[in-house]
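Numbering (our numbering), first residue to last: 1 to 80. Below you'll find the structure, written out as structure tokens, and then a few comments.
Here you go:
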């Protein structure tokens, strides 16, 4: 395991500590989870671009439309 030193403003540090407390995790765990999500997002984007480069544009747009519909339905359900 590696150690990373981060320099952040006091305000950001306090907000991150508060967020960690509200989620019941340590600041380290919160930042680790955030980094994991960022890496996963980058991996997904890279795979999607590689597949899109050799795929059917119409099928890709149709798939994105399905995802958008599901996202809108999710937002309507959980954003009350």
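For glycine and all other residues, C-beta sits at the position ideal for the given N, C-alpha and C.
C-beta atoms of residue 30 and residue 16 nearer than 8 Å: Here residue 30 corresponds to residue number 30 of the chain shown, with the count starting at 1. Here residue 16 corresponds to residue number 16 of the chain shown, with the count starting at 1. Yes, the pair counts as a contact, with Cβ atoms nearer than the cut-off.
Endpoints, alpha helix (DSSP H) assigned at residue 27: Taking the chain shown and counting its residues from 1, the one referred to as residue 27 is at position 27. That run of the alpha helix (DSSP H) goes 27 to 53.
Residue interval of the alpha helix (DSSP H) (run including residue 64): Here residue 64 refers to the residue found at position 64 when the chain shown is read from its first residue. Per DSSP, residue 64 belongs to the alpha helix (DSSP H) from 57 to 78.
CB-CB length for residue 52 against residue 60, believed under 8 Å: Against the chain shown, residue 52 aligns to sequence position 52. Against the chain shown, residue 60 aligns to sequence position 60. Between residue 60 and residue 52 the Cβ distance is about 6 Å, and since that is below 8 Å, they are a contact.
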